[in-house]
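Trainee: Before anything else, here's the structure in question.
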Amino acid sequence: MLCRDGFLPDALSAVSGKGIPGLRVVPESIPSECTVMEQVEAGVSAVLNDVIAGLLKPLTPEESATSRAVERPARIVFKGNLQEVNRFFYKRGWTDGLPLIPPTEEAVAEMLTGMDLPPDHLVIRCPPRYGKATVERIAINAVMAGALPTYMPVLIAGVQALLESRYYMGQAVSGGSWAPSFLVNGRVRNDLHINYGLGVMSPGDIANATIGRALGLVVKNIAGIRKGVEDMGNYGNPGRYSLVIAENEEESPWEPLHVQQGLNKEDSAVSVSHPASIIVTPGGGSGDTSANGLLKSLCYYIPTPGGAICLLINPTIARILAGDGWNKRDVAEFIAEYARAPLYQLSHYWVSGISIPRRAGIFQARETPGHKGMLINVRDNPMESVPKVSSPDMIRIFVCGGSYTTIAALLGGPQWVTKKVELPANWDKLVAKYRDIVPVYARY
Amino acid sequence: MDSQYEVLSPWAEADPVPLRSISPRLTDLAGKRIGLFTLTYKHASARVNSVVEKKLKERFPTLEFSRYDRNRGADFDASKDAVGGIVDPLQDSKDLARFEDWVNKVDAVIGAVGD
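From first to last, the protein sequence lines stand for chains A and B.
Count the first sequence with our numbering and you get residues 4 to 447, in order.
Count the second sequence with our numbering and you get residues 33 to 147, in order.
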């Protein structure tokens, strides 16, 4: 197997996880996704002897092995003070770099009160390692993240939604640096004080901060996706610390996301996708705060998203749009139609999965000298405008944020997957126990 | 800071995966049939395999090649005896059968990630 040299740990982990630790991997230095045949020729030539050796060199005993020691981690892995525990976990690669709460038996037991499922209940096996996401293992990671027990139902639904996403694996390990993002609907938003107002994506709310953090630790410690080993995110993404947002259903003129996704309004839900970036349009609606002006401004500022797009529209703007007769679907259809770019800007846009070429019907795969398989313009008008978003179905709208005249968007990733949050029987009592954990800022 | 904590492991248990050895290596390449496995959603994968084929053929003229592409992507070459598939051959039973049939007809396989 030939793979880019920087991907060697990833390749070795992938094949080992499939039970083939002896697979011969030849690292090469061809630029990623290379389209220039001269560079491919040079890169292959440099490692051709290694490729031949991979075919001919007799197997070593390690490569011939058909058994290995079974990993049986101890239940108690360490004993020490706060600093020692933190350093032990960090050196094991079990943290996100931030300090953690020690997951003692007592702390985990309290976390488990947030769900009326037995600790050994298997929620799901998480690829690529197929680690067992039991309720207890999720709770251990939740304690580390600083989560409250009442977050457990959301965490379990979050894990389920993550794994249900068709492209979870591809997004979680991709060089594209996608960040798992979680949108929350239903009564749990208020029960857990999940922010949906001003600064919804900023630090400062324990639920928004620790639900995403806990799910990030689950991906690392249960699924086994570690940065630079399985996670090859090229630039990484600050959203991987935590990107959890709730919808302001009370002030929204539109039906909430989870209802659009097929659940009942009374349900609580978590929706997941993996956007790669966030944009915020300039303030003041770029000089026109009418519905028409706001939408036209949005059309200009939206780049080609590389998948789904979730518009974050605050209640003030949502009401302006709704007052002018727009619903969520109308907005999505407008953006899909009028967010456009000249063809020359997209003429080498090769990601066929985004399906802009198919929708527009103007690109097709064609070979050109030295550029096999590029999607090229089969019309001949470089100034022709083409849509930047493949379909209104790829657009979701989520009402949240403060009242300032800007619109934000989570760009990229697969379609949002929504999972219902199952609440334990004693939910109201639990909520009451932790409800007063809120920041109160002193005036100065 | 002096409080002592006994802490549980966040690292999940996983069922052991049965180990499989890679196939015995070839003793020489003369007249052998090499399979080239392409991940067609990585566009450089087919290009790398094309060059691997060309370079190996230059060095070992009696080598033959057969391609397996995960789907009929841009670099699919109908002149080769490639087998098309749109899903992971290890996860879809129908495609797995076609994949195994292809594997059984080659002496060795070279894969290219292209990433």
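Where a beta carbon is used, it is the ideal one built from N, C-alpha and C, also for glycine.
Go through its chain and collect everything with a Cβ distance to G227(A)'s Cβ below 7 Å, but skip five positions before and after it.
Mentor: Excluding sequence neighbours, G227(A) sits near P131, R132, G134, E233.
Trainee: Under the assumption that S180(A) contacts N251(A) (Cβ atoms under 8 Å), give the Cβ distance between them as a whole number of angstroms.
Mentor: Their Cβ separation, rounded to whole angstroms, is 29 Å, which puts S180(A) and N251(A) out of contact at 8 Å.
Trainee: Ordered along the chain, which non-local residues of its own chain (more than five positions away) have a Cβ less than 6 Å from that of S280(A)?
Mentor: The residues are L414.
Trainee: Roughly how many whole angstroms lie between the Cα atoms of L68(B) and F401(A)?
Mentor: Approximately 46 Å, taken between the alpha carbons.
Trainee: Residue range of the alpha helix (DSSP H) that A219(A) falls in?
Mentor: Here residue 219(A) is Gly; the residue named in the question, Ala, does not match the sequence. Where G219(A) is concerned, the enclosing alpha helix (DSSP H) stretches over 209 to 224.
Trainee: Just to confirm the assignment, what range does the beta strand (DSSP E) spanning C302(A) have?
Mentor: That residue, C302(A), is in no beta strand (DSSP E); its alpha helix (DSSP H) goes 294 to 304.
Trainee: Given that a residue counts as buried once 16 or more other Cβ atoms are within 10 Å of its Cβ, and exposed if not, what is K331(A)?
Mentor: Result: buried.
Trainee: Using the rule of at least 16 other Cβ atoms within 10 Å of the residue's Cβ for burial, across every protein chain shown, is G310(A) buried or exposed?
Mentor: Burial call: buried.
Trainee: Suppose you measure from the CA of I127(A) to the CA of L158(A); what does that come to, to the nearest Å?
Mentor: Near 12 Å, if we compare the C-alpha coordinates of L158(A) and I127(A).
Trainee: Taking the alpha carbon of N136(B) as the reference point, which residue from Q36(B), G63(B), S55(B) has its own alpha carbon closest?
Mentor: Nearest option by C-alpha distance: S55(B).
Trainee: E45(B) versus chain A: which residues are under 9 Å apart at the beta carbon?
Mentor: E74, R75, P76, G134, K135, T137, R140, listed in chain order.
Trainee: Can you grab the Cα-Cα spacing for the pair A152(B) / G100(A), in whole Å?
Mentor: The requested residue 152(B) is not part of the displayed model; chain B covers only 33 to 147.
Trainee: L68(B) versus chain A: which residues are under 8 Å apart at the beta carbon?
Mentor: Simply none; closest approach about 10 Å.
Trainee: Would you tell me roughly how many angstroms separate the C-alpha atoms of A144(B) and A212(A), rounded to the nearest one?
Mentor: Rounded to whole angstroms, A144(B) to A212(A) spans 40 Å at the Cα level.
Trainee: Is it the case that the stretch 36 to 55 of chain A contacts the stretch 17 to 24 of chain A, given that we only count it when at least three CB pairs across the two stretches are under 8 Å?
Mentor: Verdict: no, contact absent.
Trainee: Using a threshold of 7 Å, state whether the C-beta atoms of I197(A) and A182(A) are closer than that.
Mentor: No; because the gap between Cβ atoms is not below 7 Å, this pair is not in contact.
Trainee: Okay, do the stretch 42 to 51 of chain B and the stretch 134 to 143 of chain A touch, 3+ Cβ pairs below 8 Å being the bar?
Mentor: Yes, the stretch 42 to 51 of chain B is in contact with the stretch 134 to 143 of chain A.
Trainee: Over the uninterrupted beta strand (DSSP E) stretch that includes Y100(B), give me the two end residues.
Mentor: Element bounds for Y100(B): 96 to 101.
Trainee: State yes or no: is the beta carbon of W97(A) nearer than 7 Å to at least one beta carbon in chain B?
Mentor: Chain B contact via Cβ: present.
Trainee: Mind the definition here: the stretch 433 to 440 of chain A touches the stretch 263 to 282 of chain A only if three or more C-beta pairs lie below 8 Å; say whether that holds.
Mentor: Touching, no.
Trainee: Using a cut-off of 7 Å between C-beta atoms, extract the partners of R57(B) located in chain A.
Mentor: Those within 7 Å of R57(B) in chain A are L58, L59, K60, P61, L62.
Trainee: In angstroms with no decimal places, state the Cα-to-Cα distance between F337(A) and R65(B).
Mentor: Their Cα atoms are separated by approximately 55 Å.
Trainee: Going by Cα to Cα distance, which pick from A445(A), T307(A), D194(A), K299(A) is closest to V456(A)?
Mentor: Examination of residue 456(A) is not possible in this model, given that chain A is present from 4 through 447 alone.
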